[in-house]
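Notes for the one structure printed next.
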Amino acid sequence: MTQFSRKVLALVWKDMLSEARTKDIFTSVFVFALLTVLIFSFALEPGSETTSLVAPGMLWVAFTFAGVLGFGRSFVLEKEHGCLDGLMLCPVEREVIYWGKAIGNLVFMLMVEVVVLPIFYLLLNLPLDSLPQVVLIVLLTTIGFVSVGTLFSALAANTRARDVMLPILFLPVVVPLVIAAVKSTGLILQGSPWADLWSWLQIILAFDVIFLVISSLVFPFVLEG
Amino acid sequence: MKRNSYSWDAVLMAASFFLLAGALYLVFMWVPTSATSLEGIAQRIFYFHVPLWWVAFLAYAVTFISSLVYLARRGASWDNLACSAAEIGTVFVTLGLITGIIWAKPAWSVWWTWDPRLTTALVLWFIYIGYFLVRAYAPAAQARNFAAVISIIGTVDSFIVFMAIRWWRTQHPSPVVGTGGGLAPEMLFTFMVSLAAFTLLFVLLMRLRTTLRATQEQVTALRQAEE
Chain G
1 MTQFSRKVLA
11 LVWKDMLSEA
21 RTKDIFTSVF
31 VFALLTVLIF
41 SFALEPGSET
51 TSLVAPGMLW
61 VAFTFAGVLG
71 FGRSFVLEKE
81 HGCLDGLMLC
91 PVEREVIYWG
101 KAIGNLVFML
111 MVEVVVLPIF
121 YLLLNLPLDS
131 LPQVVLIVLL
141 TTIGFVSVGT
151 LFSALAANTR
161 ARDVMLPILF
171 LPVVVPLVIA
181 AVKSTGLILQ
191 GSPWADLWSW
201 LQIILAFDVI
211 FLVISSLVFP
221 FVLEG
Chain X
226 MKRNSYSWDA
236 VLMAASFFLL
246 AGALYLVFMW
256 VPTSATSLEG
266 IAQRIFYFHV
276 PLWWVAFLAY
286 AVTFISSLVY
296 LARRGASWDN
306 LACSAAEIGT
316 VFVTLGLITG
326 IIWAKPAWSV
336 WWTWDPRLTT
346 ALVLWFIYIG
356 YFLVRAYAPA
366 AQARNFAAVI
376 SIIGTVDSFI
386 VFMAIRWWRT
396 QHPSPVVGTG
406 GGLAPEMLFT
416 FMVSLAAFTL
426 LFVLLMRLRT
436 TLRATQEQVT
446 ALRQAEE
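Chain order of the listed sequences is G and X.
Number 95 in this note's numbering belongs to position 95 of the first sequence; there are no gaps in the numbering.
When you read off a place in the second sequence, starting at 1, and then add 225, the result is the number in this note's numbering.
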């Protein structure tokens with residue numbers, strides 16, 4: 001294992017440990033995501049015919065807003081206890097901090113999604129054979145959310161009105177991800193084959209790769225000053 | 226030196242004033258309404274709509290490049306350039322969206338549609354609203370870095386948005402200028418005058434805004450030195 005990945009894993013371990021003791025992020029994000037699904041069920045009244053039309057939208061609104069909440073917490077916690085200054089004093093490159101926080105965020109988001117997704121299937125009575133494809137879409141899209149979410153949460157944590165700044169920056173940027181995720185989830189729920197998914201998965205993959213690279217490159221500038 | 230730069234501003238101001246007035250005359254009195262267009266007289270908004278977008282893209286390109294240079298080299302003047310262009314670009318994007326909405330109703334019989342160009346423009350507009358909010362809310366020492374980062378992310382994102390929505394749906398008329406054919410000579414002339422007028426206006430606004438911002442920064446520095 002290289003020096004770089006060992007440092008990154010040390011940072012991820014720190015986040016896991018503090019999360020395991022406080023359960024701060026998981027609890028709030030999980031409850032929030034479930035409540036979003038609940039409110040949508042009353043707002044849209046999905047019946048048997050409309051379910052496959054509204055379900056993708058419900059799912060992705062829940063995950064997008066849950067993401068905003070979770071990413072926001074992750075840097076605000078660092079900021080509140082002066083941990084961020086400690087992190088910056090560590091003899092590690094700034095990119096290491098980005099990857100550490102990004103992987104930490106990814107793990108938290110996936111943990112929430114792993115629990116919310118089955119409940120969502122159960123509540124809306126969705127076809128179970130669509131699950132493997134939906135899991136793949138969720139995994140790839142969450143990587144995209146995390147790539148820009150980690151960068152913007154570090155940025156927003158250093159501004160006044162940080163709770164408002166993160167969604168204002170994050171939501172317009174993830175528009176292409178949300179489009180691709182909703183479209184591909186919808187296709188799968190309507191029983192389309194794997195091949196139809198491909199063009200949408202390409203957009204999600206392109207977003208993931210491009211923004212992981214750009215975010216890790218510009219992240220040092222966000223911590224400066 | 227100073228006197229010289231003021232006289233350039235005066236020349237630019239006069240030139241863009243007369244060109245804009247000329248463009249107004251050409252658009253409303255001279256050029257015939259395109260015979261092929263279904264929307265009738267509303268077609269003439271094209272002479273303002275397209276130059277507005279041209280300036281908007283020019284401005285955002287200036288912001289993107291100056292942001293990159295600012296992160297690489299530093300220097301407040303690059304940040305000044307980036308932020309001034311972003312402000313002017315956002316004004317033009319807003320006007321471009323409004324003229325587009327006015328045109329869309331007679332042409333498409335809806336005010337708005339989720340077409341790639343429209344959606345990309347709207348997303349970019351939102352990203353730059355975030356850009357200005359961050360400049361206002363971030364501590365002065367970090368605001369410039371933050372703004373540059375948002376401009377870079379926003380520019381790259383707009384390409385992905387465009388791709389995503391092109392696969393999703395498309396309705397906007399394709400470009401007719403420079404593809405040969407499509408535009409009658411009178412229409413092309415009117416369009417070029419309008420394009421020149423708006424481009425000169427952009428150069429003028431950029432000069433005024435960057436000078437103003439540089440002066441603002443000098444005043445702030447002097448005030449801090451006094452305290």
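Backbone N, C-alpha and C fix where the C-beta goes; we use that ideal spot for every residue, glycine too.
As assigned by DSSP and simplified to three states, the class of residue i
{"i": "Thr150/G", "result": "helix"}
{"i": "Glu452/X", "result": "coil"}
{"i": "Arg299/X", "result": "coil"}
{"i": "Lys330/X", "result": "helix"}
{"i": "Leu408/X", "result": "coil"}
{"i": "Cys90/G", "result": "coil"}
{"i": "Thr159/G", "result": "coil"}
{"i": "Met226/X", "result": "Its pLDDT being 43, under 50, Met226/X is placed unreliably by the model, and the measurement read from it follows with that caveat. Here Met226/X sits in coil by DSSP."}
{"i": "Gln443/X", "result": "helix"}
{"i": "His81/G", "result": "coil"}
{"i": "Gln190/G", "result": "coil"}
{"i": "Glu49/G", "result": "coil"}
Proximal residues of chain G, C-beta to C-beta of residue i below 7 Å
{"i": "Val386/X", "result": "Val175 and Pro176"}
{"i": "Ala389/X", "result": "Pro176, Ile179, Ala180 and Ile203"}
{"i": "Ala363/X", "result": "Asn158 and Thr159"}
Neighbouring residues, chain G, relative to residue i (Cβ below 8 Å)
{"i": "Ile377/X", "result": "Ile214 and Val218"}
{"i": "Val374/X", "result": "Leu151, Leu155, Val218, Phe221 and Val222"}
{"i": "Trp392/X", "result": "Ser199, Trp200 and Ile203"}
Contact set between residue i and chain X, taken where Cβ atoms lie within less than 7 Å
{"i": "Pro56/G", "result": "None at all; the shortest Cβ gap to chain X is about 13 Å."}
CA nearest to the CA of residue i, picked from the options
{"i": "Leu171/G", "options": "Ala368/X, Trp350/X and Ala373/X", "result": "Trp350/X"}
{"i": "Ser28/G", "options": "Trp60/G, Phe211/G, Phe65/G and Asp15/G", "result": "Phe65/G"}
{"i": "Leu245/X", "options": "Ala421/X, Gly300/X, Leu408/X and Val256/X", "result": "Ala421/X"}
{"i": "Val318/X", "options": "Val256/X, Tyr231/X, Phe427/X and Leu358/X", "result": "Phe427/X"}
{"i": "Ile378/X", "options": "Ile290/X, Thr324/X and Arg448/X", "result": "Ile290/X"}
{"i": "Met16/G", "options": "Ile203/G, Gln3/G, Cys90/G and Met109/G", "result": "Met109/G"}
{"i": "Glu78/G", "options": "Ser18/G, Gln133/G and Val114/G", "result": "Ser18/G"}
{"i": "Gly321/X", "options": "Leu293/X, Lys330/X, Leu277/X and Ser419/X", "result": "Leu277/X"}
{"i": "Leu201/G", "options": "Val218/G, Leu155/G, Ser216/G and Gly144/G", "result": "Gly144/G"}
{"i": "Thr150/G", "options": "Val182/G, Val114/G and Val76/G", "result": "Val76/G"}
{"i": "Ala161/G", "options": "Val381/X, Trp392/X, Ala363/X and Ile390/X", "result": "Ala363/X"}
{"i": "Leu156/G", "options": "Trp60/G, Val222/G, Ser5/G and Ala20/G", "result": "At residue 156/G the sequence reads Ala, which differs from the Leu that was named. Of Trp60/G, Val222/G, Ser5/G and Ala20/G, the residue nearest in Cα terms is Val222/G."}
{"i": "Asp234/X", "options": "Thr380/X, Ala446/X, Met431/X and Glu452/X", "result": "Met431/X"}
{"i": "Phe419/X", "options": "Thr288/X, Leu249/X, Arg448/X and Tyr356/X", "result": "Strictly speaking, residue 419/X in this sequence is Ser, with Phe absent from that position. Out of Thr288/X, Leu249/X, Arg448/X and Tyr356/X, Leu249/X has the C-alpha closest to the C-alpha of Ser419/X."}
{"i": "Leu124/G", "options": "Phe32/G, Ala180/G and Gly57/G", "result": "Gly57/G"}
Neighbour list for residue i in chain X, Cβ cutoff strictly below 9 Å
{"i": "Pro172/G", "result": "Leu347, Val348, Leu349, Trp350, Phe351, Ile352, Ile354, Gly355, Gly379, Asp382 and Val386"}
{"i": "Glu224/G", "result": "Ala366, Gln367 and Asn370"}
{"i": "Val148/G", "result": "Ile378 and Asp382"}
Where residue i meets chain G, residues with beta-carbon distance less than 9 Å
{"i": "Leu358/X", "result": "Thr159, Ala161, Val164, Met165, Ile168 and Leu169"}
{"i": "Leu296/X", "result": "Val218 and Phe221"}
8 Å Cβ cut-off: residues of chain X touching residue i
{"i": "Ile210/G", "result": "Val381 and Ile385"}
Listed from N- to C-terminal order along the chain, which residues in the region 116-128 of chain G have their beta-carbon within a distance smaller than 8 Å of any beta-carbon of chain X?
none
Interfacial residues, the region 153-171 of chain G to chain X, with Cβ spacing under 7 Å:
Leu155, Asn158, Thr159, Arg160, Ala161, Met165, Ile168 and Leu169
Output, in sequence order along the chain, the residues in the region 180-206 of chain G whose CB is closer than 8 Å to any CB in chain X.
Ala180, Lys183, Ser199, Trp200, Ile203 and Ala206
With 8 Å as the limit, tell me which residues of the region 323-340 of chain X have their beta carbon closer than that to any beta carbon of chain G; keep them in chain order.
none
Quick one, which residues of the region 297-308 of chain X are near chain G if we go by CB-CB under 9 Å, in chain order?
none
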